[in-house]
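Everything on this sheet refers to the single structure shown next.
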Amino acid sequence: MVMTLAEKIIAAHTDQAEVQAGQFVYAGVDFCLGNDITAPIAIKEFEDAGIERVFDRKRIALVPDHFTPNKDIASAEQVKMLRRFAERHRIEYFFEIGRMGIEHALLPEMGLVLPGDLVIGADSHTCTYGALGAFAVGVGSTDLAACFATGKVWLRVPETIRFMFDGKLPRWSSGKDIILHVIGDIGVDGALYKVMEFTGPTISSLPMDDRFAICNMAIEAGAKTGIIKTDDVTEDYVRGRAKRGYRPCHVNGSPDNIETRSYNASKISPQVAMPSLPSNVCPAEELSHIKIDQVVIGSCTNGRISDMRIAAQILQGRKVHPSVRLLIFPATQETYLQAVREGLMDVFIGAGAAVSTPTCGPCLGGHSGVLAEGERCLSTTNRNFPGRMGHPKSEVYLSSPAVAAASAVTGRITHPEELI
Amino acid sequence: MRGRCWKFGDNISTDHIIAGRFLSTSEPGALAAHCMEDARPEFHKEVSPGDIVVAGDNFGCGSSREHAPIAMKGCKIGAVIASSFARIFFRNSINIGLPIIESVEAAREIEEGDDVEIDMNKSRILNHTSGKTYSFEPFPQEIRDIIAAGGLMKYVKKKMGK
Chain A
1 MVMTLAEKII AAHTDQAEVQ AGQFVYAGVD FCLGNDITAP IAIKEFEDAG
51 IERVFDRKRI ALVPDHFTPN KDIASAEQVK MLRRFAERHR IEYFFEIGRM
101 GIEHALLPEM GLVLPGDLVI GADSHTCTYG ALGAFAVGVG STDLAACFAT
151 GKVWLRVPET IRFMFDGKLP RWSSGKDIIL HVIGDIGVDG ALYKVMEFTG
201 PTISSLPMDD RFAICNMAIE AGAKTGIIKT DDVTEDYVRG RAKRGYRPCH
251 VNGSPDNIET RSYNASKISP QVAMPSLPSN VCPAEELSHI KIDQVVIGSC
301 TNGRISDMRI AAQILQGRKV HPSVRLLIFP ATQETYLQAV REGLMDVFIG
351 AGAAVSTPTC GPCLGGHSGV LAEGERCLST TNRNFPGRMG HPKSEVYLSS
401 PAVAAASAVT GRITHPEELI
Chain B
421 MRGRCWKFGD NISTDHIIAG RFLSTSEPGA LAAHCMEDAR PEFHKEVSPG
471 DIVVAGDNFG CGSSREHAPI AMKGCKIGAV IASSFARIFF RNSINIGLPI
521 IESVEAAREI EEGDDVEIDM NKSRILNHTS GKTYSFEPFP QEIRDIIAAG
571 GLMKYVKKKM GK
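Sequence order for the protein chains is A and B. Residue 1 is where the first sequence starts when you use my numbering, and the numbers rise one by one after that. Residue 421 is where the second sequence starts when you use my numbering, and the numbers rise one by one after that.
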């Protein structure tokens, strides 16, 4: 039997030679993670069950990234729970403020999640690591507690849909535009319970940052995860970072009964998702009349160094529009420092942007950029449900960093070619 | 179980069920006080124990926050019937024992305020208001084992011999 990439990785984490879609398995987990919102419930479940030891203190990450730096007393208490649990069980990877980052940018950067891995995370955007050729799924807190105890997770082996891309992306388009275009095409439940495998010459030519952005939003199409096969680009990224050995998974051929959707990447212009679903997508230039109050550049989708670079390229020598607030969040401390070294911070601050330490805060309407009633934000984040970034009657549009930066300058949704 | 139905549409996200701004606690009562606030502000005040939530496609999409099914349990919702569930909400509900049922027909036909009874053992829904019955697919054995144990952690403990 020819297995899909996802099936082959899952099989390698069970005692079975082969698994197939629909099958129910308990799979071994290489690495698991939780954050300051989800891990407190997991810790409580773990402790209430009276379990004394975690399965492996070097295969757990606790990342306080959501309501940090602690936004209020209740949030501080949640982070304290993580810190105490990490101390008690000598968890190797607890990331303190100042040495942390947004989990899905941080863990690949630290070489903690690796090709061929099976990863679970109590955060829906855990699917980001699929970009490394890992099978990585978002789960809930109780799943994480069970994994702390056993090192295993229950899974129904998912079907795969293949998304094939050929052609060269236009100048201002990126991985974000690819995934927004796909979600617009198939809908927010277009890949429900399934794996989205991204493949083809376009994907092979993309750098890792774009691949992370693509896999990050697989959940927004309802998918169990997104995945891209490990290649030379992946290996170059992982080399020098990997904290442990790993085994990339390669498939020979592929099952011929897989649903495949083909796209011409050269036709994918910068995309924007309108309120209030990530599938409500249209080309940026069709929205040039939409005025905005706030722009956010950052998050686990688009807070990486290439995102900072393209934003700076557009903001260089320009000013943020007087009626717009531009908030920039490098996703990790390493990204932040790199941006400082490259002079990008001079550009951002010179343009009139606010730059913040890494946090998920504004993306989920938590803190550091919450919207008032009737306000409209263009954001490089991943969700635009009602009330996502603040007041239930505020609006969120989603785009790439290039469109976000150009729009911050003009005060309305703007295709970058209008400026450059 | 039997209760009054609250009808919702497609793609009810975990942001609707419990918005991000309320996530600095995981206490069920505190979360219940804001359950469904951004979709129907009156919901948490008027919902009664045993009431049933009926929704369309992709219920619980978005965030992995277990706070969503916890908030619904905090409201003492009897069950959720939907055309389909987003996958993380689905597994969270199984893991913490919030009864969920996938039935396209029932989700489409049941109306706001209907008096509905669910028999999980017989996999049957009876709408007392309309007189219609619906049968639904039972879960696979492995999932029934988790539910029968009283949730994932109890199942895990049993397996670990604790």
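Backbone N, C-alpha and C define an ideal beta-carbon position, used for all residues, glycine too.
Here A/Lys-291 is exposed, its C-beta having fewer than 16 other C-beta atoms within 10 Å.
Taking the Cα of A/Pro-278 as reference, the smallest distance to any Cα among A/Lys-80, A/Pro-386, A/Cys-300, A/Glu-96 is reached at A/Pro-386. Only residues of its own chain outside the window of five on either side were considered, and among them Gly-121, Asp-123, Ser-124, His-125, Thr-126, Cys-127, Ile-219 have a CB closer than 7 Å to the CB of A/Gly-138, listed in chain order.
Counting only Cβ-Cβ distances below 7 Å, A/Glu-45 has contacts in chain B at Met-573, in chain order. For B/Cys-425, the enclosing beta strand (DSSP E) stretches over residues 422-427.
Ranked by Cα distance from A/Pro-248, the first of A/Asp-30, A/Met-1, A/Ala-406 is A/Asp-30.
The beta carbon of A/Val-25 lies closer than 7 Å to those of Ile-10, Thr-14, Val-19, Leu-155, Val-157 in the same chain, with the five residues before and after it left out. Fewer than three Cβ pairs drawn from the stretch 176-188 of chain A and the stretch 542-549 of chain B lie within less than 8 Å of each other, which leaves the two stretches out of contact. The C-beta of A/Ala-105 comes no closer than 8 Å to any C-beta of chain B.
Interface with chain A (8 Å Cβ-Cβ cutoff): B/Ala-506 is included.
The C-alpha of B/Val-467 is placed about 45 Å away from the C-alpha of A/Arg-99.
Linking A/Val-403 to A/Lys-168 through their CA atoms gives a straight-line distance of about 19 Å. Here the stretch 363-374 of chain A makes no contact with the stretch 241-258 of chain A; the two share fewer than three CB pairs at distances below 8 Å.
Taking a Cβ-Cβ cut-off of 7 Å, the neighbours of A/Ala-146 in chain B comprise Leu-572, Met-573, Val-576, given in sequence order. Taking a C-beta cut-off of 8 Å against chain B, the contacting residues of the stretch 183-208 of chain A are Val-188, Asp-189, Leu-192, Tyr-193, listed in chain order. When A/Ser-204, A/Ser-276, A/Lys-229 are compared, the shortest CA-CA separation from A/Gly-184 is found for A/Ser-276. Going by C-alpha positions, B/Lys-493 is about 17 Å away from B/Met-573. With a cut-off of 8 Å on Cβ pairs, the stretch 291-304 of chain A is in contact with the stretch 390-410 of chain A, counting three or more such pairs. The C-alpha of A/Lys-44 is placed about 42 Å away from the C-alpha of A/Arg-341. B/Ala-568 has a beta carbon lying at 8 Å or more from every beta carbon in chain A. Its chain contains Gly-390, His-391, Ser-394 as the residues whose beta carbon lies nearer than 8 Å to that of A/Ala-372, once the 5 sequence neighbours on both sides are disregarded; these appear in chain order. With the criterion set as a beta carbon lying under 7 Å from some beta carbon of chain B, the members of the stretch 62-83 of chain A are Phe-67, Asp-72, Ala-74, Ser-75, Gln-78, in sequence order. Annotation for A/Ile-310: Pro-401, Ala-402 place their beta carbon closer than 6 Å to its own, counting only its chain and skipping 5 residues before and after.
A/Leu-144 is a Cβ neighbour of A/Thr-38, given a cutoff of 8 Å. Looking at A/Ala-353, A/Ile-305, A/Ala-351, the one whose alpha-carbon comes closest to that of A/Thr-332 is A/Ile-305.
Contacts with chain B at 8 Å (Cβ-Cβ) do not include A/Asp-56.
Contact of B/Cys-481 with chain A is assigned, a C-beta pair being separated by under 8 Å. Within chain A, the residues whose beta carbon sits less than 7 Å from that of B/Ile-516 are Thr-142, listed in sequence order. Per DSSP, the continuous alpha helix (DSSP H) segment holding B/Tyr-575 begins and ends at 572-580.
For A/Leu-62, the uninterrupted beta strand (DSSP E) run begins and ends at 60-63, by DSSP.
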